[in-house]
Each structure stands twice: as C-alpha cells, then as structure tokens.
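Counting in this note's numbering, the sequence shown runs without a single skipped number right up to 204 at its last residue.
Idealized CB from N, CA, C, for every residue including glycine.
These figures come from a predicted structure and were not determined experimentally.
To start, the structure under review is shown below, and the notes come after it.
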Amino acid sequence: MINTGRGILTVVSGFAGSGKGTVMKKLISEHDNYALSVSATSRQPRPGEEEGISYFFRTREEFEEMIKKDELLEYAEYVGNYYGTPKDFVFSKMDEGKDVILEIELQGAMQIKEKYPDTLLIFLTPPGADELYKRLKGRGTETDEVIAKRMKRASEEVLCIKDYDYLVINDNIDDCTLRVHDIIQVAHRTVRHESELIKRLESELTAFI
Ligand code: 5GP
-4 MINTGRGILT VVSGFAGSGK GTVMKKLISE HDNYALSVSA TSRQPRPGEE
46 EGISYFFRTR EEFEEMIKKD ELLEYAEYVG NYYGTPKDFV FSKMDEGKDV
96 ILEIELQGAM QIKEKYPDTL LIFLTPPGAD ELYKRLKGRG TETDEVIAKR
146 MKRASEEVLC IKDYDYLVIN DNIDDCTLRV HDIIQVAHRT VRHESELIKR
196 LESELTAFI
C-alpha cells in the first residue's frame, strides 16, 4: 500500500510472553514500510541477544546519563531494570515515511500516548493465563522468581488494556502478524493521518475553480 506523507507511530505492548517480539520480527521481515525502534536497557543481555540489534545494553549509570541529556522519547523501570526509546531514530524514520513501531511496556506507552496523541496503541495477549505461563516457562531463560514477577506484573497490566486502541490475540504468529499489519494500514486511511492528502486535495480544488 502507498503511504502518503509521514509514517505512523505505533506502540505495541503485551504481557512478557505474549510473543510480541516474534510478531514484530515477522512484520518487519515481510513489509518494508516498517522500522522497529531499538530500545536502550540496563538489563543483562539474554543468550543470543546482540548489542544494537536486540537492545542498546547500558549500565544504570549510562542510562541515567541518557535521561539527563533528554535523549529518550520515554523510559520506564520494569522488573528492576530501565528501558527507554532513543529519540533520534523514531522521528527521522517517520519523516522518511516509515511506520515506526515501539515495542514497549505500559508505562512508556502511556507517556507516548500523552505526548503524541496520534499514536496508535496495540496490545497483544496470548489466549489465556495458562498459555502465558507455559510460554514464559518454555523460554527457559528466566528463573522461577522472575517468571513469578512477570505473572504478577501481567495481572496489573490487564487493568490498563482499556487505555489501548486495539487488543489482538496472539494464538498463531501468522494470523496475529496479519492482524497487526491490517490495523496499521487501516490507520493510514483515518482522516487524522491523511492531513497531507487533504491539503493537496484542497489546493487542487482551489486551483480548479
Ligand atoms: P524484555 O526484558 O523481556 O526484553 O522486556 C521487558 C519489557 O520491556 C517488555 O514489555 C518490553 O516491551 C519492554 N520494553 C522494551 N523496550 C522498551 C522501551 O524502550 N521502553 C519501555 N517503556 N519499555 C520497553
């Protein structure tokens, strides 16, 4: 689909274990209109994660320096670690016409919603709590204590889904990816995201009469 003008900023959140990372990777690999923002974090890399691709891994001190220098669009503390979105990448990609996706947790999502009300907010969930627990356990990368923290966190996060625009069930990666893609593409057709097209129509019609 042809995008007119600036890209759309989309926030994708979901419980840890909702599979949002996998869905986002698939979305990016299948369509070239998307750019996925790479966050900074103070947590330790998991096996297989790469600097500058999965995250920019920083110490707490380095992260606090980024906050001080106002280099982050939003940031939050989540299960004892800092996470934040570096500003520069997001705006430059949107200006290029890319739809930028922030895969971030809820506190950051709410900061973005307040600062940039045009942002599209999507929440991903597995079909149920049992499935969520199974996925977290199945990852095999976290201790039982961390998994328990993440389940508790999910029980708090569920109360905030109402602040999002769309809720998408991730029961199957392919279907879920398609649903997210459709939502973003339909958002391009909303009047608030079509201001450039409206301006062009206005001036063409004025010239015509
Ligand atoms: P994980 O440690 O599993 O990679 O991420 C934990 C949580 O932090 C996830 O919900 C993820 O979406 C969120 N997260 C990742 N990057 C950012 C960010 O830049 N800002 C915020 N607020 N949350 C983030």
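- Here the C-alpha atom of E25 lies approximately 10 Å from the C-alpha atom of H176.
- Restricted to the stretch -4 to 71, the alpha helix (DSSP H) segments that are unbroken, complete and at least 4 residues in length are 15 to 25, 55 to 63, listed in chain order.
- With the rule of 3 Cβ pairs closer than 8 Å, the stretch 162 to 177 counts as touching the stretch 113 to 122.
- Take K132, set aside five residues on each side of it, and the residues of its chain with a beta-carbon closer than 8 Å to its own are I142, in chain order.
- A distance below 7 Å between beta-carbons, with the five flanking residues on each side excluded, links Y77 to the following residues of its chain, in chain order: T36, S37, R55, F58, Y70.
- For the ligand 5GP, no non-hydrogen atom lies closer than 6 Å to the CB of Y159.
- Here G75 carries a coil assignment [DSSP, helix/strand/coil].
- L97 sits away from G79, with the two beta carbons spaced by 7 Å or more.
- According to the DSSP secondary-structure assignment, I164 is paired through a beta bridge with T120.
- The Cβ-Cβ distance between E72 and S8 does not fall below 7 Å.
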